[in-house]
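Residue numbers (this note's numbering), protein chains in the order written: chain A, 1 to 411; chain B, 412 to 853.
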Amino acid sequence: MKTGALLAGAPMLMQSAPSKSIKVGLVGCGGRGTGAAAQALKADDYSELTAVADIYQERIDDSLGRLRRAAKDKVKVEPNKMFVGLDAYQKLIDSGVDVVLLATPPGFRPEHLRAAIQANKHVFCEKPIAVDAPGVRHVLETVKMAKEKNLSLVAGFCWRYSNFIQAAFDQLQKGAIGDIVSYYGTYYTSPVKPMPPESTRPAGISDVEWQVRNWYNFVHLSGDGLVEQAIHTADKIAWAFQDKPPVSCVAVGGRQIPNGIGNIYDHFEVNYLYPNNVRAFLGCRQIEGCYNENADYILGTKGALTIGRGPLPRIEGQTTWTFEGPKNDMYQHEHDVLFAAIRKGEPVNDGDRMATSTLLGIMGRMAAYTGQMVTWEQALNSQERLFPEKLDWKGSFAVSPIAQPGITKLG
Amino acid sequence: MRSCVLAILTASALLAAVDFNTQIRPVLVRECLGCHNADKATGGVAVHSRDAITRGRAVTPGKPEASLLYLLLELKPGQPKAMPPGKQLPQAERDAIKTWITEGAPWPEGVTLSAGGSGKKDEKATVEQLHARIAKQASERTQADMKPYKATIPHAGVSFDMVPIPGGEFTMGTPDSEAGRKKDEGPQRKVRIDPFWMGKFEVAWDEYRLFMFANMAKEDVNKDEVVDAISRPTRPYVEMSFGMGINGYPAISMTQHAANKYAEWLSAKTGHFYRLPTEAEWEHACRAGTTTPYSFGADASQLGEYAWFSGNTDGKYGLVGKKKPNPWGLHDMHGNVMEWTLDQYDPKGYVGLSNDNPQNVATQPYPHAVRGGSWMDAAAQLRCGSRVASDPSWKQQDPQLPKSIWYHTDAQGLGFRLVRPLKVPSAEQMQKYWNNGVHDEP
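Take a look at the structure:
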């Protein structure tokens, strides 16, 4: 089905469509990037990995070692197509690939996405797509360019590609619980990648390198836990409200457990106001030893949809429903959709909704950091730029102090 | 440029007087990795990867005289900074390291060092210490000495119950005539089993979370070097009970490797030897001297009194120990969570296995045999002889590569219980039970 046979008979394909093989380049060779590459290589009979980029050669070596074990014949990366450094992404894009997988820390994403689309590449882009509003606006322009160029852009908001979550939201859109009255989403987990003590910092590495190595702990690189992790919950909220923006939000948040020189919070609770006084609440926490939960409670006028209390979503109320059948591999499905779209020449583009979902998280963070009510327009037009114009790998970058509500100003 | 550098590296690796895997790696793992690893880089030095070892001051490829690894090994014990602490490595090992650094410190692509999967201390040394602890404490000598007991996990106030399972002969496998039988459940044969204790209940989150989170087990204030050397699960990104409940509910979604490491950890905490059951031990204990499809008979309509299964659960597992036990006092052998065994699963059944304490020793990451059926399964899958094969799809919610060695996030009906054999095995055997050797899948 997804072989070159289809392609051979296909008429005029878009300019960037490959003749037979689809050449894939991976930017960011960590665990997620390597996983995404493995999925890309499985998604099409003739996909092959031809270039990789990272800030460390060793990570490239680790990643390629893994990928060769998973898909030996499809890993065709010549040594001169292994690019190292902060500018490696551009060299990879220029190396003759058809598809670019973007899996670096999110701060870099807007710039990487722009470069890929400018060069007529199809893209798989991990979530979130930016850490600040200028980044989101930049991405929105890029998304428009991708549409004009008929390029495919699939985003790593993975629940959109999960068959059982899709089925639940289909029920929601069909009105199985009536009109939504409220949405309560939780993302209470253990800490992700806490900041190691300064005593473990290797001699001779720059501030920037030390920060990028521990990127999760810095808001300019990760966007904070709400934007980097709990963004999956923000994405489901956006989905439930048909990707239409909220009116405004207020939020509380802070940090209880010290985390070295990192400047991110360890908990947030955001209250979004949607039209008609409908509310959505998002709580997230990353503190060890606490009650953990990752669930969604969606109340409607005719019933309730619950996700994450038990392995399957369910509806109770005037009608009852639960998902039946096997769950799919949503991560694989993302790539199956992307590569099928490329083969057919029928582009998919998740761009607008991935920007909306990301901004939903950023807006909550802005409200929590400042203690102010933030409207959608304020968030969308915010001039606060967290990720710098230029990062010097050998240089230093002054990390902003951890935000203080009431003192930190809305940018 | 790069290809040229690579070519030189490759050539030097081929012609090298020193072989990384046999001469360098074991020394790094044995002597350095415990304090200089990915999680803990004492003095800013780590040796688990080429990136780490060349990034700091440990190794400057080509220059042993500018490499701390070489310089500090040459210091006499007792001199400041001499490594390893308290001893000096044999001349041959020091020479090999010097030559290896001179040759450019070649390191095989994609290799990251870890000690027996722990990334901490040498697993063999840990198991030997642990074996000594266990051998000293074992008091029961014969089956007649074996009594049911309750043990408490130190400093945590959490206890668990063990009941004796008599040794002897039983018929493993199901008869062709049994309704719902599948081909992998035979051939039926007589199997001899040595006596052991088995967990009265499935391992619950109450116990398992102490293993997941050292601070919950109060290990930060009650240091034990053997316990500390055992590798523990990485912190999960998601909430692992999926909202089905924690206190009194069975732990789920762990890999066989994780269950093995739990057994090692519990052994270190309590001083008794615990491990997963073999498939034969599990079936012997489940049948409890009976020969019917279920340990209470053949009438599946009674199953609800004995088991949590699809017929009486509503989208989640049940509390352990709330259903009737089998004749030997074991609860939930049928249903609730399906349970890990040690064995590799062979779809052809038990052909070619010994009749005396058989075990199909694992040589591949998949499949392993899982028994008893779960809260999601229909009655037929809960029969004593029914088998399930572990599958890579049980990790499909893990988007990373390598995938976690600790979690089967998609197996929400998967758990385990442990056994304690009467006869304490050798340290070497213990190490094999606790390290399946195949946890690092492709």
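All residues carry an ideal CB built from backbone N, CA and C; glycine is no exception.
Comparing C-alpha positions only, which one of B:Glu-514, B:Arg-782, B:Lys-451 sits nearest to B:Pro-475?
B:Glu-514
Notebook entry, point to check: Got a sec: which bits of the segment 811-822 of chain B sit with their beta carbon under 8 angstroms from any beta carbon on chain A, in order along the chain?
Noted result: Gln-811, Leu-812, Pro-813, Lys-814, Asp-821
Exercise. Can you say whether B:Leu-486 is buried or exposed, counting buried as having 16 or more other CB atoms within 10 angstroms of its CB?
Key: exposed
Query raised in the report: Which first and last residues belong to the beta strand (DSSP E) in which A:Ile-294 is found?
Result: Looking at the sequence shown, residue 294 of chain A is not Ile but Asn. Start and end: 293-300.
Unbroken beta strand (DSSP E) run spanning B:His-779, endpoints
779-782
Rounded to a whole number of angstroms, what is the C-alpha to C-alpha distance between B:Leu-621 and B:Ala-567?
8 angstroms
**Prompt:** Residues in its own chain within less than 6 angstroms of B:Pro-495 by CB, not counting five upstream and five downstream?
**Reply:** Glu-442
Give a yes or no on whether the C-beta atoms belonging to B:Ala-662 and B:Ala-615 are separated by under 9 angstroms. yes
(Q) Within 10 Å of its beta-carbon, does A:Glu-198 have 16 or more other beta-carbons around it, so buried, or fewer, so exposed? (A) exposed
(message) Less than 9 angstroms between the beta carbons of A:Ala-168 and A:Pro-326, yes or no?
(response) no
### CB contact check: A:Met-1 to chain B, cutoff 9 angstroms
Interpretation of A:Met-1 is limited by its pLDDT of 37, a score under 50 that renders its predicted location unreliable; the figure taken from the coordinates is listed afterwards. Cβ-Cβ to chain B under 9 angstroms: no for A:Met-1.
Checklist entry - For B:Asn-626, which residues in chain A fall below 9 angstroms Cβ to Cβ? => result Glu-288, Gly-289
Query raised in the report: At least one CB of chain B closer than 9 angstroms to the CB of A:Gly-65: is that the case?
Result: yes
Say whether the segment 204-221 of chain A touches the segment 383-394 of chain A, bearing in mind that this needs 3 or more beta-carbon pairs closer than 8 angstroms, one atom from each stretch. yes
### Query
If you run the structure through DSSP and keep just helix, strand and coil, what is B:Ala-800?
strand
| A:Tyr-161 and A:Tyr-331: beta carbons closer than 9 angstroms? | yes
Do you know how far the Cα of B:Ser-525 is from the Cα of A:Ala-203?
-> 23 angstroms
- Task: Report the residue from B:Lys-634, B:Ala-546, B:Thr-701 whose alpha carbon sits nearest the alpha carbon of B:Trp-739.
- Result: B:Thr-701
Where the segment 720-748 of chain B meets chain A: residues whose CB sits under 8 angstroms from a CB there
Gly-726, Lys-727
**Prompt:** Alpha carbon to alpha carbon, what distance is there between B:Thr-510 and B:Thr-563?
**Reply:** 52 angstroms
inquiry  = On a Cα-Cα basis, can you pick out the residue from A:Ile-117, A:Cys-284, A:Val-247 that is closest to A:Ala-368?
reply    = A:Cys-284
Shorter than 9 angstroms from the beta carbon of A:Gln-57 to some beta carbon of chain B?
-> yes
**Study point:** Integer Cβ distance of A:Ile-237 from A:Ala-280, believed to fall under 8 angstroms
**Key:** 5 angstroms
Who are B:Gln-755's beta bridge partners in DSSP?
B:His-779
- Query: To the nearest angstrom, how far is it from the Cα of A:Pro-311 to the Cα of B:Arg-643?
  - Reply: 25 angstroms
*Would you mind working out which of B:Tyr-717, B:Lys-451, B:Lys-535, B:Tyr-705 sits nearest B:Val-856, comparing C-alpha positions?*
An answer regarding residue 856 of chain B cannot be provided, because it is not within the stretch 412 to 853 covered by chain B.
- Enumerated in chain order, which unbroken segments of the alpha helix (DSSP H) with a length of 4 residues or greater are wholly contained in the segment 136-208 of chain A? 163-173
Assuming B:His-779 contacts B:Ser-801 under a Cβ cut-off of 8 angstroms, what Cβ separation, rounded to an integer in Å, is found between them?
4 angstroms
Check: Using the C-alpha atoms, what's the distance from A:Thr-319 back to B:Glu-716?
Finding: 30 angstroms
With C-beta atoms as the reference, is A:Ala-130 less than 9 angstroms away from A:Pro-106? yes
Quiz item: How many Å lie between A:Ser-206 and B:Gln-811 at the Cα?
Solution: 28 angstroms
Item to check | Euclidean distance between Cα positions of A:Gly-317 and A:Leu-172 | outcome: 13 angstroms
Item checked: Contact list for B:Pro-647 against chain A, beta-carbon separation under 8 angstroms -> Thr-189, Ser-190
Q. What separation, rounded to the nearest whole angstrom, lies between the Cα atoms of B:Asp-821 and A:Asn-328?
A. 10 angstroms
Once you ignore the five residues that flank B:Lys-834 on each side, which residues in its own chain have a CB closer than 7 angstroms to its CB? Asp-605
- Would you call the segment 369-380 of chain A and the segment 183-199 of chain A touching, i.e. three or more CB-CB distances under 8 angstroms? no
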